[in-house]
Each structure stands twice: as structure tokens, then as C-alpha cells.
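Residue numbering for the sequence shown follows my numbering, beginning at 16 and increasing consecutively.
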Amino acid sequence: MLRHFTLEYWIDERWYVGRLREVPGVFSQGESLEELEENIRDAYRLMMEEERVLALPQTAIMAKEIGVEA
């Protein structure tokens with residue numbers, strides 16, 4: 016699925032620095048605008064993967080069948 020975001024960027028000395036407006040916390044940089052676009056896509060993918068990992072249960076859930084008198 017292709018999602019569309021707004022890349023806000025600025026030039027800081029020789030670096031293109033940017034962030035995704037709609038996704039707080041996704042920042043990156045590159046020596047060209049093309050490199051910044053590639054790096055910001057990687058940063059977004061890494062953040063989404065991290066969120067999927069954090070969403071998994073952190074404790075093992077076990078099950079055992081028991082008998083109960085009726």
C-alpha cells in the first residue's frame with residue numbers, strides 16, 4: 016500500500032534535512048534532495064517496524080487445562 020506524506024525540508028550547510036509533516040518523529044538528512052527522500056522513506060519504514068515490534072506482547076502467555084467441580 017502506498018501512503019502519501021508531506022516532506023518538509025530545509026538546507027543546513029551542505030545537508031538537506033527533512034521531516035514528514037504527518038508523522039511526528041520521522042526525520043532524516045541527505046547530501047541531495049534525492050538522498051533525503053530515500054533516507055526519509057527508510058526512517059519511516061524503521062519507525063513502523065519498531066511500532067509493530069513494540070505492539071507485540073512482552074510476556075509469554077501460557078495455557079493449561081484444569082478441572083473444576085460443578
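Quick reminder that beta carbons are idealized off the backbone N, C-alpha and C, glycines included. Since the model is a prediction, treat every value here as computed from it, not as a measurement.
8 angstroms contact criterion, which residue i and residue j should meet: CB distance rounded
| i | j | result |
| --- | --- | --- |
| residue 54 | residue 45 | 5 angstroms |
Pick from the options that is closest to residue i, judged by C-alpha positions
| i | options | result |
| --- | --- | --- |
| residue 26 | 19, 37 and 50 | 50 |
| residue 48 | 38, 60 and 23 | 23 |
| residue 35 | 56, 78, 80 and 66 | 56 |
| residue 19 | 30, 37, 64 and 61 | 37 |
| residue 17 | 60, 42 and 67 | 60 |
CA-to-CA distance, residue j to residue i, given in whole angstroms
| i | j | result |
| --- | --- | --- |
| residue 58 | residue 78 | 38 angstroms |
| residue 65 | residue 81 | 37 angstroms |
Can you list the alpha helix (DSSP H) stretches of 4 or more residues lying completely in the segment 19-64, in chain order?
none
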